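K.L.:
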Amino acid sequence: MQILIIDNNRIERAQVVRKIKEATSCVIHESETLLDSRNAISKHAIKLVIAASNFNAVNIINNIKKKFDLPVIIISKNCNTHEAVDAIRAGAHDYVLANNSGISRLIKQVWELEKVELTDNKNLEGHLSIVHEDVLTCQSQSDLTGFMERYRLFFKNMVNGAALYKAIVNAKGEIIDFILEEVNPSFIKFTGLDDINLTQYRLSHIMSSLDDINFKSKLEAYALVTKTGVSKEFIHYSKGLNKWFKIFAFRPCSGYLASIAEDITEQYFMNEKLKLERKKALNVIEGNLAGTWEWSLKDDSVQINAYWKHRLGYNLDELGELTRRTWEALIHPDGRQSVVNVVDRFINQEIEHFNVEFQQQKKDGSWIWVNARGKIVDRDVNMHPKQVAGTLIDITVKKELELRLLENENRLQVIFDHAPATMFVVDDAGKVLKVNQTGMRTNKLANSNISNLKKGDVVQCANANTTKEGCGTTSFCDDCKLRLFVMDVVKTEKQKLAQEITLQVYSNGQLENKYFLASASQLTDNFKVNYLITLVDISDQKKQEQELKESNIRFKQLAENSSEGILVHKNGVVVNTNAAISKLSGYNSEELNLKVIKEAIPVKYHHLLDFNSLLDVSDNYEIELLHKDGYLVPVEIKSRKISDNEKGLRVVSVKDMRESKRIRERIAKAAIEAEELERQRISQELHDGLGPLLSMIKMLNQAYLNTINPIQRRKLSKQLNDNIEAALKHNSELSRNLFPQLLNDFGLQSAVEQMLKNIRSASGIGCHSEFKLQARLPRVIELTFYRIIAELINNTIKHTTATCIDIEISEQNDCAVLNFYNDGDVFDFDKIKTGHKGMGLFNVYNRVKALNGNLIFQAHEVRGINYSIDLPLSLESLKN
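For the sequence shown, the working numbering gives the first residue as 41, with consecutive numbering after it.
See below:
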């Protein structure tokens, strides 16, 4: 017998062919398309057609069976109940799975057709043509009997469990159960029922005997299918069999229920395993800080995982349903079209994978760089893309680094091209790869061979008699000096630093010998080592060294007259001291050495100053120095390097900190007292203001919960809201008093004008301000001026009878100047400054001194007080 197998998957087709050939003697023809199939049937005496389901089973049957009257068996990789029923109804001889049991069943069908002529199998016509019209024409018992005969062979040969039930109806016409009338062997195998007398079984009995979960609700669902005629698919779990079944239930005719049960236990657990593996894979992806996306081309829906939603700043329930268009709308306009083009090429299968980089907008409006990768994970029967999936990786940091790298490379190139030093790059043979002509021209090297170096040249002597050691002249020419230096670098394969070379240059038209510092460093380009040669003119440096020696003499003279103690040492050996350090320590210059200094510094400071710090560390330390007479002197010690040319030569300065320490202690004490007063004020505010409001809210809330009267509840709700609003307002006012947000956001002028507006409305005092500033002041000065103005206004209101306040803020001589005037009563400011009374004004004084500022107080004869405050704008003053 000759068989035609239709399948466009060569590997799967070959497996089926091999198994049939092993079990039968049939002649097998193969085809990949319907057109080739029709040609094969016309040429050969084909008796059976086996077709893969990916061609659309109904279409195969319509093109083969109905035109050539040949039996068609559909073979499928996946079990699809709807597809199986449609195939049988369309006239398929059978529907089998491409697994071991399905192939075995297929081979049995081939055996049967080999033994019997197709013309003798007219009795199979009924179950080969299960069509919906036949079902609808069952009007009588005789029709039903004929219908059942046509289906009996179909039931018998199905690999899935098939059963036919008759509905049992009560007096009200309600379906209360079903009695089993017909089953196939697969059904008996699934259930383990006794097939001797199947008609004794009811559907409820079968379900309960199999310990089916919720069988009553399922029985009602089957009754609904029988009543309405609407087919339905169920997933059932049988506890007794410990198996999962997919059941397709439909009404073949009035009063009857047919079901096809497929054992999906293996498939179910496989799906569960796949879900678990998918979850693990997603966890791995998210663990690598990557997002995932899936795009269904059927409904144009795009799904992204929770990690990527969070990365874009969205919650899980935000963004809504995404499509390709809405997803592309999040891409930066500059790169959107290029991404669209790549996706189109990918969908048209011009490229197998896509890998694109673009900017994507976050919820807050900012942009991140994204690397999106994807591939086709599912196709339709025509092999067109059906499902696409991939990953999303945030590469913003990578892009920023690439941009910085490019900027650095550009800057380095600009530096190389325009550097005044002579620079050129050679390979390992001394061949010039790159030349800095700017440096060549700037240094005006006299020898033409050096000054005219260009790409491709080899550094060598212009003299034809050049030897390995040089040109043989009394003193090597400039070419030879440079050539020997370059070749030594190449030979040793290491960088060279600080080698002096004397070369002749043109200076004002005259030849002149100058010192150059020649250095070489390795450059790695694509794993090939090149060398950067640099010639730096150090003639001026040589001259500066001489000038430095002369300046050292002047330095000694200045050090001797300094109020700070100064000690100069070289690698720990004292070179010089001044009179001030002898006064601080009690030791004369002959007595001072590192051993004496170590003994004069208490042990508790040795972890800071292990005496290597005197040699190498440039930080400042505040320590105590033990005077020769036995008392401790607080000092600040600094160590600075004097010259790069004289290694180890450092100057140590020692400053007497006794007076500074006394001032800091007073300021610290005042700060603590001010902080304590502020805490007391905040505590009072919370106790007197926010506390009663919160108590009232608690009382009203309890009353609201205890009453059920709607009118009373509405009244209590309003009172609750009013008190909550009052508490929020009080909390906001307290926050503004602690740190004025207006000052932070809009600057000193806006904050002061708002303060004066509040004072005018609250006290009736006339307030006027004038600002003469080009730009905002440094933040520390703005905050200091704001606190001082608040303190002065507070003192004016509390302690004077002033009727007006005038404020002027300006910039004068690199200082920020505040002038504050009120027409109130005068007082003795000197007593306040010395700390006898007036903590607020004393804090003002300390704030000014902390920023190295000045405060001038001027009182008029009877009424009127003027404060003039100036704070330096220089950075160092603000740091100190």
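All residues carry an ideal CB built from backbone N, CA and C; glycine is no exception. The structure displayed is predicted, hence computed values, not measured ones.
Gly166 to Leu362, Cα distance in whole Å?
P.N.:
Summary for Gly166: the model assigns pLDDT 34, below 50, so the residue's position carries little reliability, and this model does not support an answer.
K.L.:
Going by the DSSP bridge assignment, what does Gln427 pair with across the sheet?
P.N.:
Answer by DSSP bridge pairing, in chain order: Ser336 and Asp418.
K.L.:
With DSSP run on the structure shown, which of helix, strand or coil describes Asn835?
P.N.:
Asn835: helix per DSSP, three-state reduction.
K.L.:
Counting only the same chain and skipping the five closest in sequence on each side, list residues whose C-beta sits under 6 Å from that of Val857.
P.N.:
So the list reads Ser850 and Asp910, once near-sequence residues are dropped.
K.L.:
Are three or more beta carbon pairs between the region 302-317 and the region 390-400 nearer than 8 Å?
P.N.:
No contact exists between the region 302-317 and the region 390-400.
K.L.:
Compute the Euclidean distance between the alpha carbons of Lys471 and Ile573, then round it to the nearest angstrom.
P.N.:
Each residue's alpha carbon lies about 12 Å from the other.
K.L.:
Is the beta carbon of Val199 closer than 9 Å to that of Leu137?
P.N.:
Yes, these two residues count as a Cβ contact at 9 Å.
K.L.:
Thinking Ala261 and Phe274 are a contact (beta carbons under 8 Å), I'd like their distance in whole angstroms, please.
P.N.:
So it is a contact: roughly 7 Å between Cβ atoms.
K.L.:
Suppose you measure from the CA of Ile845 to the CA of Lys889; what does that come to, to the nearest Å?
P.N.:
Going from the Cα of Ile845 to the Cα of Lys889 covers about 24 Å.
K.L.:
Please state the DSSP three-state secondary structure of Ala560.
P.N.:
Three-state result, Ala560: strand.
K.L.:
Using beta-carbon positions only, say whether Leu632 and Leu607 come within less than 9 Å of one another.
P.N.:
Closer than 9 Å, so yes.
K.L.:
Would you list, in sequence order, the uninterrupted alpha helix (DSSP H) runs of no fewer than 4 residues that lie entirely inside the region 334-419?
P.N.:
Taking only runs of at least 4 residues, the alpha helix (DSSP H) segments lying wholly in the region 334-419 are 346-351, 364-368 and 373-387.
K.L.:
Excluding the 5 residues flanking Val691 on each side, which residues of the same chain have their C-beta closer than 6 Å to its C-beta?
P.N.:
The residues are Val608, Arg680 and Ile682.
K.L.:
For Tyr861, which residues does DSSP report across the bridge?
P.N.:
Its beta-bridge partners are Asp846 and Asn906.
K.L.:
Do the region 423-440 and the region 374-381 meet, that is, are 3 or more Cβ pairs less than 8 Å apart?
P.N.:
Because the criterion of three Cβ pairs below 8 Å is not met, the region 423-440 and the region 374-381 do not touch.
K.L.:
Assuming contact is defined by CB atoms lying nearer than 9 Å, are Phe108 and Ile46 in contact in what I supplied?
P.N.:
Their beta carbons are not under 9 Å apart, which means Phe108 does not touch Ile46 by this criterion.
K.L.:
Which stretch, first to last residue, makes up the beta strand (DSSP E) that contains Glu664?
P.N.:
Looking at the DSSP string, the run of the beta strand (DSSP E) that includes Glu664 is Tyr661 to Leu666.
K.L.:
State the Cα-Cα distance for the pair Tyr241 and Ile101, rounded to the nearest angstrom.
P.N.:
In a straight line, the C-alpha of Tyr241 is about 37 Å away from that of Ile101.
K.L.:
Helix, strand or coil for Asn99 per DSSP?
P.N.:
Residue state, collapsed to three classes: helix.
K.L.:
Do you know how far the Cα of Asn118 is from the Cα of Met247?
P.N.:
Cα to Cα, the separation comes out at about 27 Å.
K.L.:
Just to confirm before moving on: does the CB-CB distance between Val465 and Leu563 stay below 9 Å?
P.N.:
In contact: Val465 and Leu563 (Cβ atoms closer than 9 Å).
K.L.:
Taking DSSP as the reference, what is the three-state secondary structure of Asn224?
P.N.:
In this structure, Asn224 counts as coil in the three-state DSSP scheme.
K.L.:
Starting from Thr436 and walking both ways along the alpha helix (DSSP H), at which residues does that stretch end?
P.N.:
Per DSSP, Thr436 belongs to the alpha helix (DSSP H) from Thr436 to His458.
K.L.:
Taking the straight line between their C-alpha atoms, what separation do you get for Ile81 and Cys293?
P.N.:
Taking the straight line joining both Cα atoms gives about 37 Å.
K.L.:
Quick test of your reading: Val792 and Ile828, contact by CB under 8 Å. State the CB separation rounded to the nearest angstrom.
P.N.:
Not a contact, Cβ separation roughly 11 Å.
K.L.:
Under the three-state reduction of DSSP, which class applies to Ile81: helix, strand or coil?
P.N.:
Residue state, collapsed to three classes: helix.
K.L.:
So if DSSP puts Val465 in a beta bridge, which residue, or which two residues, is it bridged to?
P.N.:
Per DSSP, Lys474 and Leu572.
K.L.:
Quick one: using the 10 Å Cβ neighbour count with 16 as the cut-off for buried, is Leu813 buried or exposed?
P.N.:
Exposed, by the Cβ-count rule.
K.L.:
Could you spell out the range, first to last residue, of the alpha helix (DSSP H) harbouring Phe207?
P.N.:
It is Ala, not Phe, that sits at residue 207 in the sequence shown. Segment Gly201 to Val209 is the beta strand (DSSP E) holding Ala207; no alpha helix (DSSP H) there.
K.L.:
Give a yes or no on contact between the region 762-772 and the region 798-807, applying the rule of three or more CB pairs nearer than 8 Å.
P.N.:
The region 762-772 is not in contact with the region 798-807.
K.L.:
With Tyr744 as the anchor, note down where its alpha helix (DSSP H) starts and where it stops.
P.N.:
Note, Tyr744: alpha helix (DSSP H), Gly731 to Asn746.
K.L.:
Provide the residue span of the alpha helix (DSSP H) that contains Asn592, from first to last.
P.N.:
Segment Ser579 to Glu600, the alpha helix (DSSP H) holding Asn592.
K.L.:
Does the pairing of the region 553-562 with the region 575-587 give three or more beta-carbon distances under 8 Å?
P.N.:
With a cut-off of 8 Å, the region 575-587 and the region 553-562 count as touching, because enough Cβ pairs lie within range.
K.L.:
Taking the beta strand (DSSP E) that Val112 belongs to, which residues open and close that run?
P.N.:
That run of the beta strand (DSSP E) goes Val112 to Ser116.
K.L.:
Which word fits Leu452, buried or exposed, when buried means at least 16 other C-beta atoms lie within 10 angstroms of its C-beta?
P.N.:
Exposed, by the Cβ-count rule.
K.L.:
I'd like the span of the alpha helix (DSSP H) that includes Asp696, first residue to last.
P.N.:
Note, Asp696: premise wrong, no alpha helix (DSSP H); beta strand (DSSP E) at Leu689 to Asp696.
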